[in-house]
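For reference, the structure is listed below as structure tokens.
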Amino acid sequence: MEHIRMPKVENVRLLDRLSSRKAALGTLYLTATHVIFVENVSETRKETWVLHSQISSIEKQATTATGCPLLIRCKNFQVIQLVIPQERDCHDVYISLIRLTRPVKYEELYCFSFNPKLDKEEREQGWKLVDLNEEYNRMGIPNNYWQISDVNRDYGVCDSYPTEVYVPKSATAHIIVGSSKFRSRRRFPALSYYCKDNNASICRSSQPLSGFSARCLEDEQMLQAIRKANPGSDFIYVVDTRPKLNAMANRAAGKGYENEDNYSNIKFQFIGIENIHVMRNSLQKMLEVCELKSPSMSDFLWGLENSGWLKHIKAIMDAGIFIAKAVAEEGVSVLVHCSDGWDRTAQVCSVASLLLDPYYRTMKGFMVLIEKDWVSFGHKFNHRYGNLDGDPKEISPVIDQFIECVWQLMEQFPCAFEFNERFLIHIQHHIYSCQFGNFLCNSQKERRELKIQERTYSLWAHLWKNRADYLNPLYRSDHSQTQGTLHPQMAPCNFLYKFWSGMYNRFEKGLHPRQSITDYLMAVKEETQQLEEELEVLGERLANLQKSQLNGNKVKSKQQDRNKQPGLSTSSNSLANTPQEYSNDLKSFPSRSPSQGDEDDSALILTQDNLKSSDPDLSANSDQESGVEDLSCRSPSGGGCLPSEDSGKDSDEAVYLAV
Amino acid sequence: MKVGDAEDNSNGQELSLSRGVQRSGGHYCALFAPRDPCLHPEVPTCTRRSVPATQPEQPRGSCRQQVPVAGKLHRGSAATGTTMEFSELIKTATVESVLLSCAGLPAVKGTLCITSHHLLLSSCPGGDAQPGTVELWLLIRNVDAVEKRVQNLGWYQPPGTNGSPLDTRLAGSSGTITLRCKDLKVLQLEIPGMEECLNIASSIEALSSVDSVMMMYPFFYRPQSLRLEEGWHLFPLERHFQQIASQTSQWRLSHVNQDFTTCPTYPPSVIVPAAVDDDTLRKAARFRHGGRFPILSYYHPKNGTVMLRSSQPLTGPNRKRCREDEMLLGTVLDKGERGFIIDTRSAQAAKQARMTGGGTEPKSSYPQWRRLHRPLERGRPLQESFMKLVEACNDTSATMDRWLSRLESCRWLSHVKAALSTACLAAQCMDREEATVLVHGAEGTDTTLLVTALAQVILDPSCRTLRGFLGLLEREWIEAGHPFHLRCARSASSHARPKQEAPLFLLFLDCVWQLSRQFPFSLEFSERLLLTLFDNAYASAYGTFLCNNEKERCLCKVKENTHSLWAWLNQPEERTKYLNPLYSHNPLVIWPSVEPQSIQLWQGLFFRWIRSSQHLDEAWAEIQRLVESKDPHAKEGVGKRLSRSLSDPAAQTENER
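Residue numbers (the UniProt record's numbering), protein chains in the order written: chain A, 1 to 659; chain B, 1 to 657.
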């Protein structure tokens, strides 16, 4: 609290990016965890809450006649423009926020104060929801070829790896330790995914310290062991996800890539995914395009292309597709690495797993996938997402790109995923929010030292509890798209990948489809289910009645009494739920999915409100016509609201008048 | 009669009607009317999506049907003497062992056959009475461009030859014909024999460029399930007028154009201000380009404001005025009320139009009107935009790197954005500013109609039903005199020098598609309807989109001698295919977002033949399943069972108790 110079400022205006005339007047509050803006309009008192950890930059702009503008950009792509009447107040808010958004200790993060009012047992249960040992068992491991190794039990071999690592049975501790010494940050090859149908596997590591000529017998034996663990194949692919030039440059620093001559039976492959710095700049450029004020179609398309963002997404997808194909179709095991093996490697392994195994396309499976390929293998969440104040050059949207890859796949395979877009958006949100402990720190070792599981809550339990919100109504476990490997179209590739406005322009509701098919279908599904249950009850009742008729009056009356209640109550329910109610009048369109109900957690609800993709349009404004006032400022020739006469520029007008 | 006559007549502006056809038109059709249902399957065009779902398999992008062997097909047509005219154009009617391939499907070999209106390929050359499978059933009118490539020293050596140069030359000559269709499909035919190949190519070229309306397939197509007169009078203007008249007495139905003399491109009846008599209209018409005086386009029931449309006034370099025109527009506005003229040209272009006799309404003569210029592209630039986009979409070799800038350089999405924005502006003037709107560009037959039609879809829920939408097309495009014959003569791939072609109607359909994407529950019809309309506007078995205006349709007796597409679409089993399962009536105005992030490339159209839509189709089927699984429960299931259980004796006992 000592950092808050100015807890409350009145008469602040919150600007709408699309229309400067739609500014809302209200009060700004600074708390230890949030920036809160409350509108003055008495009926609604609409609130906007922003977590400090979501804020990526604060910009104080030149004072104007109306006040001092403050621009807050968030990591979840929200952009908030405030105008504070007094320059001094603005400065105080600015200085306070600068400090509040740059915590120096983990303990300052929101998850340590966040309390969803769960008891200790519930908290523990929450953390047990995703269990990686269970996941490896599901894959069929341990088995004849693979085993769990305790070589890293005290993080003695590699401090960014988990304690439990799965390796080929023939890889002895000696081999592992030897191999680890020949790999950057000692990240030796370990199992990421195993395909029990054909024994092919995906392993991951960091780059070898090969320089120009160095060799390591144990590392060569390690790769040999991986190959032997797949008896159906006489070679393995080694996929280096870096551009070849980058990998070659690393050789000068004593690192590099595997020499095919030294390793028996490997096929080496480069797949050029750019490094974190290129990706950071690319996102920056794309967000600048998203922020343009009434851009033309050309501005937008040029800007999007110049950002290179979709090209990078494609590179990641291509790598994933290559690996999935090698495993599923060729039955060949793959070792994936980049430099340190915690960014591009995580992206590529998880995309490949998602393509290969329908389980990861379920809600639970997706949580497991992130836990396996990202959390446990030491993806540096703290550095990449800037949770604590640190080196800005470490920040990069690595997992954002993976999440977008999933969305791109969802667009191509609408029935293949159990979860919907909202699920992805909420996960992205919480990777930055620091509201849950899952993504804290840079490694399992750090998290254990901080006793995260005893002091914070798990996001997975929270999402699981609200899973009804995240279901894809088109998903059916018996649908063809939910079986086996997904084969994304490869050619022609140029237009396969689309701009994801649901993510990058997520807070600009005006840009999105005004009616949500997902929400509607979920409501329909729910209703159908209800009606089916009702039918069952009625059927039961009918059967009972018929039976009771046979059995005589006494028994009958008793049964009727019992059956009457549910029958009547459900049918009155169904009357209240007629389809017309959802559709005829959009005001009553289900604005919250029915089973959402964590009212015990006010902060959460507020964030959820902001997150819901469709709500504000349909419930708060209750009128799709709200978009209208923006039209003139969106129209190509710009201009204010209505009709400033164009003919004013018409120099011949005077002649007309003279006629 | 020779088709050549027809070609001489085609000066671009006027519809070419060869005298020969005029003389013998009705007779000719009657003679030719085929009786064999197999010859003329009741499928509007060869599209993957319009094939009835009941047919077991349609893998070839057209209909696989069991028909008699190709030879018989030809004999069937040859039986009537009148095929002579067409057969003059057909140099080679059948070729064996032709390999047909199109993107995404395995190649098929079969017998190729050209009839007067169709190109057929049947895969089973089988003998005698054995039915073959028709792999291709292409309306030749659908062919936009024919590209041929012949190889003299070919790849093909007949078995048993030892590859002596002579043998190879004799047997190995072959050719490839690429057919680029107006519906954007691309087909390849590999034809053994160079001569056959050239003959086939020139036959297709000749048949597909027959310009005479009455030689076109709709005049010969006689589906059994439809009657000729059906569907032609589904949307009488009288009924539309009555709806308006029930709410206001300010408008009347005028028959001033009964004989098409006041305005050749207007329908016989138009809705005009009640206070203006026909004589004034005639005089005002003389002051408007092509006689298109201001008439009512749309009455907004919500607040009683109206939208008018017209062509440009003929002010010319001398700034002429016309009292009748000023009066006509003056009576629309009450004292002190203001109206907006949305000119679909830039201020500069409108000014320049004066040099050629056109112009725009000067403020001094029309003091209550304010002009807004919203330039919309049309004509050649729009056609080129369409051509570039289709070329870019078909360029499968291109990498992702330059795709977006290429998309940008096509400008198509910019046109979509501009059209939507202008329609929204018109709608906003009416709905929000409660002001009267007049829309016009130059001729008032292109961008004008684009804006007025689109504004109605945005404003009026009744235009968003299937029936209402077809009515809107009838009123605001067909009867309003959009020159379909000229604009849709060629599609995106034609090598012919473009004359009057421009995809304004497609641009309209694209904008409607954008609306349907942003408001997925608010349109009663689905993307499939929009695709079918696109296909039929460019090549059709129906007469709906023939000719340029009602006058020409009367001359050609289109309504007497062709079937209406609306009749086809209105058949119950057809109708359901075009419905949106998610539709529910939405009484509100649907204001779309026109930000670039919200405008998407219409993949269902531009990638229809390029990329498999299997996964998306599956999703659509799943949506349908979900919605339908609810309906029977809600409407029948529960109700029925409930009533049954109540009428059940046991239930009655319960009631008595």
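All C-beta atoms in this analysis are idealised placements derived from N, C-alpha and C, irrespective of residue type, glycine included.
In DSSP terms, what residue i is bridged to
i: residue 334/A; result: 202/A, 237/A
i: residue 321/A; result: DSSP, once it has assigned bridges, lists no residue as partnering residue 321/A.
i: residue 39/A; result: 26/A
i: residue 81/A; result: 15/A, 71/A
i: residue 307/B; result: 298/B, 437/B
i: residue 94/B; result: 113/B
i: residue 193/B; result: For residue 193/B, which the question treats as bridged, DSSP gives no partner whatsoever.
i: residue 166/A; result: 148/A
i: residue 57/A; result: 73/A
i: residue 178/B; result: 147/B, 188/B
i: residue 193/A; result: 202/A
i: residue 267/A; result: 237/A
i: residue 664/A; result: Here chain A comprises residues numbered 1 to 659, so residue 664/A is not present and cannot be evaluated.
i: residue 252/B; result: 272/B
i: residue 122/B; result: 111/B, 134/B
i: residue 8/A; result: 29/A
Integer-rounded CB distance, given that residue j should sit under 8 Å from residue i
i: residue 225/A; j: residue 184/A; result: Not confirmed; about 20 Å, so no contact.
i: residue 333/A; j: residue 201/A; result: 5 Å
i: residue 269/B; j: residue 255/B; result: 5 Å
i: residue 440/A; j: residue 387/A; result: 7 Å
i: residue 129/A; j: residue 464/A; result: 6 Å
i: residue 611/B; j: residue 240/B; result: Actually they are not in contact, since the Cβ atoms of residue 611/B and residue 240/B sit about 40 Å apart, beyond 8 Å.
i: residue 286/A; j: residue 304/A; result: 7 Å
i: residue 444/B; j: residue 321/B; result: That belief does not hold up - the Cβ atoms of residue 444/B and residue 321/B are roughly 19 Å apart, past 8 Å.
i: residue 94/B; j: residue 112/B; result: 7 Å
i: residue 432/A; j: residue 385/A; result: 5 Å
Within 8 Å, strictly: CB atoms of residue i and residue j
i: residue 190/B; j: residue 134/B; result: no
i: residue 283/B; j: residue 324/B; result: yes
i: residue 190/A; j: residue 165/A; result: yes
i: residue 363/A; j: residue 77/A; result: no
i: residue 464/B; j: residue 600/B; result: no
i: residue 313/B; j: residue 356/B; result: no
i: residue 414/A; j: residue 615/B; result: yes
i: residue 212/A; j: residue 238/A; result: no
i: residue 605/B; j: residue 534/B; result: yes
i: residue 206/A; j: residue 340/A; result: yes
i: residue 26/A; j: residue 14/A; result: yes
i: residue 175/A; j: residue 147/A; result: no
i: residue 110/A; j: residue 51/A; result: yes
i: residue 511/A; j: residue 598/B; result: yes
i: residue 203/A; j: residue 369/A; result: no
Residues of the region 387-416 of chain A in Cβ contact with chain B at a cutoff of 7 Å, in chain order, please. Using a CB distance below 7 Å, the part of the region 387-416 of chain A facing chain B consists of 412, 413, 414, 415, ordered along the chain.
Closer than 8 Å, Cβ to any Cβ of chain A: which residues of the region 311-332 of chain B, in chain order? 319, 321
Just to confirm the assignment: which complete alpha helix (DSSP H) runs, minimum length 4, are found wholly within the region 330-381 of chain B? Taking only runs of at least 4 residues, the alpha helix (DSSP H) segments lying wholly in the region 330-381 of chain B are 347-352.
Residues of the region 595-620 of chain B whose Cβ lies closer than 8 Å to any Cβ of chain A, in chain order: 595, 596, 597, 598, 599, 600, 601, 603, 607, 610, 611, 612, 615, 616, 618, 619
May I ask you to list, following chain order, the residues of the region 511-539 of chain B that have a beta carbon less than 9 Å from some beta carbon of chain A? 517, 518, 519, 520, 521, 522
Between the region 354-365 of chain A and chain B, which residues of the former have CB atoms less than 8 Å from a CB of the latter, in chain order? none
Could you tell me which uninterrupted alpha helix (DSSP H) segments, each at least 4 residues in length, are contained entirely in the region 539-573 of chain B, listed from first to last along the chain? 550-555, 558-561, 565-570
Can you check the region 451-529 of chain B for any beta strand (DSSP E) of at least 3 residues that lies completely inside it and give the ranges in chain order? Those beta strand (DSSP E) runs which fall completely within the region 451-529 of chain B and span 3+ residues do not exist here.
Select from the region 502-531 of chain A all residues with a C-beta closer than 7 Å to any C-beta belonging to chain B, and list them in chain order. Taking 7 Å as the cut-off between beta carbons, the residues of the region 502-531 of chain A near chain B are 505, 510, 511, 513, 514, 515, 517, 520, 521, 524, 525, 527, 528, 531, in sequence order.
Note down, one range per segment and in chain order, each beta strand (DSSP E) of at least 3 residues found wholly within the region 92-117 of chain A. none
Chain B contacts made by the region 297-314 of chain A, where a contact means CB separation under 8 Å: Across the region 297-314 of chain A, CB contacts with chain B closer than 8 Å involve 297, 298, 299, 300, 301, 302, 304, 305, 310, 311, 314, in sequence order along the chain.
When you check each C-beta in the region 466-485 of chain A against every C-beta of chain B, which residues fall closer than 8 Å? 473, 474, 476, 479, 480, 481
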